[in-house]
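Working notes, structure below.
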């Protein structure tokens, strides 16, 4: 016993040192332990130099929409409080109109797909403090006209106009029908891949409403069983166009409020196969429309006369691969417009005359504009975000409309994003980096100098000190053809180069995506750091096809999704295997969605280097995925069968040698569980040993309750056992 006590005394100091690093637990990643403070639902007002945020008081269980002065950061007033209106228990969303005197408030929201939802909506008049319920029904996407006299909204695939003064509702379409006709709201594939839901817009004086109609009658039906807890499962049935199948037939319409009449706008069915954006210009009689052909390698900007319905092509862009739709279209007083495009090889800002002739390419260089914030007409200045200081970083800039006097306005290295005041004199800068938690500061937009800190996460940084977490080491890897690939490495805190460590690669790799960025931790980062505490090295590499390094680098994967991306992950793994501190027999890879497609392929095709893979919600054949996304990069299966099949994990399933865990949710409306089932069948037919986990009634995100905690616990245990 004395000898044992003596030994305990001798090793007491080292044990204290080791125990100083608190271990991350999976539960902490998902229970809010590492949650950051942030400004919720931050919106800039339009006519006042103020911004608004949505606050919730947990003690009084009260939601408030509060306005703050951009100059002083002091609270100016509470615009709305649920304490004054007991009929509203919670606020799920809100929007303030362009004259800053009315607020649309959403409550009792129910999600439909990724972006869409129905809600009960109220209109609140700030001056009179009066509240009007727009409809007894749960509706979609209400939009006030500019003077606040009318609200257009959608309900059960039809469009309605609510008159604020008379409280009278007019139904303007009547042919809406589930899984057949949708008026003013996008279908599933538009919502997911063109990332918008409201497909209608008011003109400047509120006299006309433009909208898109979707006829999805010929689109094939997809169905999912929803198991629930009842005796019999229910079935969710919706139209989902897979690659090469029929899409919705789209048409454009103009509704005249005073005449209560609708006219159809004639468009070329081939060049306007898709209508991914509509937006009225400053001229009440001119509607702008972006259209694309099915291959999405030609984009047209059209102007439509809202009186005659006559169309004119203002701008056309073509590309051998595809042309991205822009959300940065901004019309100036003379209806000249600002536009972003990567036609010179990098995404930049352009200024065009109202007839489509080019006035000026405003930004130039071998770097990309990543966000457009707006145009200040008083000093003819554009504000934007770019990666000029490196593709893993983001900074805020200003530049004159003529391309002169460019100025960097953000000072701290890392990721900076801005919310500008209505007069563009100030902006709220949200900064973070891989070592600095998010903070919000008021910045002078003319000088770039910080005026005042608004909010920080120093308390979280202090909390994290006891975990003594490792830092990301940013680096570059060369692939087999000499491209520099962005990457980072997370090593155990007590890393010893004389030891050998297992390595887990993480990636996503989808076209235009980015995982290697100098920004604050997300949940996967904490999980990776938890694994590093257990003795693993984590590596992440953005291979060919990922974003922010120019169009050529991004579009090299055209017609061959999964070919070059997989080659890069395998090549990097083989280079890592040569490192003296890497156990070449214990290299794994994991990913979600496109990343699951990648990790499956990497394990199958790279079976000489990868020993373990986890694929969550993977595409296993692009034949099963939606038309808009897949055909953008692959054209149709009828045109490019080899591109689809040669890079499918199902095709390479016979090469499986290592450990494979396949995970999917049965209610995944995006990447259908069909993908997992066909790969499972293939592996079974080949008599391959593998593991799989199915989550009933969970969608592509696989979350809700303890689901994420259970999922990541399962993945942790699998890695500890198999890697």
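In mature numbering (1 follows the signal peptide of the UniProt record, and there is no 0), the protein residues as written are -20 to -1, 1 to 703. C-beta: ideal position from N, C-alpha, C; glycine also.
Option nearest residue 76 by Cα separation, candidates 54, 102 and 68: Position 96 of the chain shown, counted from the first residue, corresponds to residue 76. Minimum Cα distance to residue 76 is reached at 102.
Residue 500 in three-state terms, based on DSSP: To locate residue 500, count along the chain shown from 1; it is residue 520. Three-state result, residue 500: coil.
Candidates 356, 206, 378 and 412: closest to residue 372 by CA position: On the chain shown, position 392 is the one that residue 372 refers to. If we check each option's Cα against that of residue 372, 412 comes out closest.
Whole-Å CB distance - residue 677 paired with residue 206, under 8 angstroms assumed: Within the chain shown, residue 677 is the residue found at index 697, counting from 1. Within the chain shown, residue 206 is the residue found at index 226, counting from 1. So it is a contact: roughly 6 angstroms between Cβ atoms.
List the DSSP bridge partners of residue 190. On the chain shown, position 210 is the one that residue 190 refers to. Paired residues: 181 and 234.
Any contact of the segment 589 to 596 with the segment 566 to 580, i.e. 3+ C-beta pairs under 8 angstroms? yes
Which one of 518, 497, 61 and 498 has the shortest CA to CA distance from residue 507? For the purposes of this step, residue 507 is identified with residue 527 of the chain shown, where counting begins at 1. With distances taken between Cα atoms, residue 507 lies closest to 518.
Hey, residue 352 and residue 329: beta-carbon distance below 8 angstroms or not? Taking the chain shown and counting its residues from 1, the one referred to as residue 352 is at position 372. Taking the chain shown and counting its residues from 1, the one referred to as residue 329 is at position 349. Taking 8 angstroms as the Cβ cut-off, residue 352 and residue 329 qualify as a contacting pair.
Out of curiosity, what's the CA-to-CA distance linking residue 263 and residue 195? Taking the first residue of the chain shown as 1, we reach residue 263 at position 283. Taking the first residue of the chain shown as 1, we reach residue 195 at position 215. Rounded to whole angstroms, residue 263 and residue 195 show a C-alpha spacing of 29 angstroms.
Identify whether residue 65 lies in helix, strand or coil by the three-state DSSP scheme. Position 85 of the chain shown, counted from the start, is the residue given in the question as residue 65. If DSSP states are grouped into helix, strand and coil, residue 65 belongs with coil.
CB of residue 604 within 8 angstroms of CB of residue 538, strictly: The count along the chain shown starts at 1 and reaches residue 604 at position 624. The count along the chain shown starts at 1 and reaches residue 538 at position 558. Not in contact: residue 604 and residue 538 (Cβ atoms no closer than 8 angstroms).
Write down the C-beta distance between residue 246 and residue 277 rounded to the nearest angstrom, noting that I regard them as a contact closer than 8 angstroms. The sequence position of residue 246 within the chain shown is 266, counting from 1. The sequence position of residue 277 within the chain shown is 297, counting from 1. Not quite, the Cβ-Cβ distance comes to about 23 angstroms (not below 8 angstroms), so this is no contact.
Residue 542 classed as buried or exposed, judged by whether at least 16 other C-beta atoms fall within 10 angstroms: Counting from one through the chain shown, the residue named residue 542 turns up at place 562. Buried.
Tell me whether the segment 160 to 172 and the segment 217 to 227 touch, counting them as touching only if at least three CB pairs, one residue from each stretch, are closer than 8 angstroms. yes
Just tell me which of 409, 414, 416 and 417 has its CA closest to the CA of residue 425. By one-based count along the chain shown, residue 425 stands at place 445. Cα-wise, what sits closest to residue 425 is 409.
Minimum C-alpha distance to residue 606 - residue among 260, 224, 622 and 697: For the purposes of this step, residue 606 is identified with residue 626 of the chain shown, where counting begins at 1. It is 224.
Is the Cβ-Cβ distance between residue 85 and residue 98 less than 8 angstroms? The residue given as residue 85 occupies position 105 in the chain shown. The residue given as residue 98 occupies position 118 in the chain shown. Against a cut-off of 8 angstroms, the Cβ pair of residue 98 and residue 85 comes out as no contact.
If I follow the unbroken alpha helix (DSSP H) through residue 121, where does it start and stop? Stepping through the chain shown from its first residue, residue 121 is reached at position 141. Premise fails: residue 121 lies in the beta strand (DSSP E), 120 to 124, not in any alpha helix (DSSP H).
Candidates 48, 73, 58 and 303: which alpha carbon is nearest residue 609's? Looking up residue 609 in the chain shown gives position 629. When only C-alpha atoms are compared, the closest one is 303.
Meets three-Cβ-pair contact criterion under 8 angstroms: the segment 629 to 644 and the segment 661 to 668: yes
Can you list the alpha helix (DSSP H) stretches of 4 or more residues lying completely in the segment 444 to 525, in chain order? 503 to 513
Does the beta-carbon of residue -16 have 16 or more other beta-carbons within 10 angstroms, so that it is buried, or is it exposed? For the purposes of this step, residue -16 is identified with residue 5 of the chain shown, where counting begins at 1. Any reading at residue -16 must be qualified, since the residue scores a pLDDT of 30, below 50, and its modelled position is unreliable; the value itself is stated next. Its Cβ having fewer than 16 others within 10 Å, residue -16 is exposed.
Backbone secondary structure at residue 225 - three-state DSSP: Counting from 1 along the chain shown, the entry for residue 225 is found at position 245. Residue state, collapsed to three classes: coil.
Would you say the segment 479 to 493 touches the segment 449 to 462, given that touching needs at least three Cβ pairs under 8 angstroms? no
Inspect the beta-carbon positions of residue 189 and residue 230 and report whether they are closer than 8 angstroms. Stepping through the chain shown from its first residue, residue 189 is reached at position 209. Stepping through the chain shown from its first residue, residue 230 is reached at position 250. Their beta carbons are not under 8 angstroms apart, which means residue 189 does not touch residue 230 by this criterion.
Considering only the alpha carbon of each residue, which of 69, 68, 21 and 388 lies closest to residue 46? Here residue 46 refers to the residue found at position 66 of the chain shown. Checking every option, the nearest Cα to that of residue 46 belongs to 21.
Cβ-based neighbour list, residue 695, same chain, cut-off 6 angstroms, excluding 5 preceding and 5 following: Residue mapping note: residue 695 aligns to position 715 of the chain shown, counting from 1. The answer, listed in chain order, is 594.
What do you reckon, are the CB atoms on residue 292 and residue 282 nearer than 8 angstroms? Working through the chain shown from its first residue, we reach residue 292 at position 312. Working through the chain shown from its first residue, we reach residue 282 at position 302. Yes.
Best match in 15, 336, 24 and 160 for proximity to residue 354 [C-alpha to C-alpha]: Within the chain shown, the letter at position 374 stands for residue 354. Ranked by Cα distance from residue 354, the first of 15, 336, 24 and 160 is 24.
From the DSSP secondary-structure annotation, give me the bridge partner or partners of residue 244. The count along the chain shown starts at 1 and reaches residue 244 at position 264. Partner(s): 233.
Do you know how far the Cα of residue 457 is from the Cα of residue 467? Taking the first residue of the chain shown as 1, we reach residue 467 at position 487. Taking the first residue of the chain shown as 1, we reach residue 457 at position 477. Going from the Cα of residue 467 to the Cα of residue 457 covers about 7 angstroms.
From the DSSP output, read off the bridge partner residues of residue 352. Within the chain shown, numbered from 1, the residue matching residue 352 stands at position 372. 364, per the DSSP bridge assignment.
Among 417, 44, 58 and 32, which has the Cα closest to the Cα of residue 394? Against the chain shown, residue 394 aligns to sequence position 414. Cα-wise, what sits closest to residue 394 is 417.
Would you mind working out which of 290, 254, 289 and 286 sits nearest residue 275, comparing C-alpha positions? Locating residue 275 in the chain shown gives position 295, counting from the first residue. Looking at the Cα atoms, 254 is the closest of the given residues.
Write down every uninterrupted run of the beta strand (DSSP E) in the segment 591 to 620 whose length is 3 residues or greater and which is fully enclosed by it, in chain order. 592 to 596
Would you say residue 563 and residue 482 are within 8 angstroms of each other, going by their C-beta atoms? Here residue 563 is taken as the residue at index 583 of the chain shown, counted from 1. Here residue 482 is taken as the residue at index 502 of the chain shown, counted from 1. Taking 8 angstroms as the Cβ cut-off, residue 563 and residue 482 qualify as a contacting pair.
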